[in-house]
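>
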Amino acid sequence: IAGITQAPTSQILAAGRRMTLRCTQDMRHNAMYWYRQDLGLGLRLIHYSNTAGTTGKGEVPDGYSVSRANTDDFPLTLASAVPSQTSVYFCASSPGQGAYEQYFGPGTRLTVT
Amino acid sequence: GNSVTQMEGPVTLSEEAFLTINCTYTATGYPSLFWYVQYPGEGLQLLLKATKADDKGSNKGFEATYRKETTSFHLEKGSVQVSDSAVYFCALLDTGRRALTFGSGTRLQVQP
């Protein structure tokens, strides 16, 4: 089934540890995004990539990094996790080139203790 | 910068009642507008969209009209069902980043 997969589904992580959240899409979409969802704040953009090989900063990029080595994968790395990064993380993709509706993965629930 | 404001929830309705969830936005120009729905434990699903002024997006009985005069994109449904219980997000497309700016979400609870 075409779509976006995220891994892990959930994770409990000790503060100071490094963690990579994985995101893969099989729709050959050009653009990919990472959002975090916090209660009462909706979704906020962390990083984005309009095409393979390029990335950009979103609204809340501090403490996160991304790479886009190919079209399908867009991993999000927390170099040294802090409790304020406890959240639900959603990856999304869109076709780009005039079609910008976004399709979301099922999310990763991350708890930093 | 861009922003989206939604009415606070939860909105609690009886089955077959009329639904309105208000959404207003602030943006430069005329961005594309979207409504997404999130069912419990799931990711967001695109519900409907409108790309220019006076466009009406519709899907599954839901409708929203792009009103540039009032910078609004209110979501409506004539007769809600229990299965419509979810969180609804209004969003606009940031044409620079080509990413979405979301409202804070409105939880809808439909009672039988």
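Chains as they are written, first to last, in my numbering: chain A, 1 to 113; chain B, 1001 to 1112.
Every residue gets a Cβ at the ideal spot worked out from N, C-alpha and C, and that includes glycine.
Check A:D72 in the structure and name its three-state DSSP category.
coil
> Taking the CB atoms as reference points, tell me whether A:I46 and A:G58 lie closer together than 8 Å.
The criterion of a C-beta distance shorter than 8 Å is satisfied by A:I46 and A:G58.
> Taking buried to mean at least 16 other C-beta atoms within 10 Å of its own C-beta, is A:A92 buried or exposed?
buried
> Would you decide whether B:D1084 is buried or exposed? Buried here means 16 or more other CB atoms lie within 10 Å of its CB.
buried
> Looking only at C-alpha atoms, which of A:F90, A:R68, A:L110 sits nearest to B:G1043?
A:F90
> For B:R1107, which residues from the same chain have a beta carbon less than 6 Å from its beta carbon, with the 5 sequence-adjacent residues on both sides left out?
G1009, P1010, V1087
> Cα-Cα, which of B:L1047, B:R1098, B:A1064 is closest to B:T1020?
B:A1064
> Cβ closer than 9 Å: which chain B residues qualify as neighbours of A:L76?
Residues of chain B passing the Cβ test: none, with the nearest at roughly 14 Å.
> Is it right to say B:Y1039 is buried, meaning 16 or more other beta carbons lie within 10 angstroms of its own, or is it exposed?
exposed
> Mind listing which residues of the segment 17 to 31 of chain A have their C-beta closer than 7 Å to chain B's C-betas, in chain order?
A31
> Just to make sure I have the definition right: I need the residues of chain A whose C-beta is within less than 7 Å of the C-beta of B:A1099. Which are they?
Y33, L45, Y48, G58
> Identify every residue that forms a DSSP beta bridge with B:V1004.
For B:V1004, which the question treats as bridged, DSSP gives the partners B:Y1025.
> Using a Cβ cut-off of 8 Å, pull out every chain A residue sitting near B:K1049, in sequence order please.
E101
> Residue range of the beta strand (DSSP E) that B:A1017 falls in?
Per DSSP, B:A1017 belongs to no beta strand (DSSP E) and is neither H nor E.
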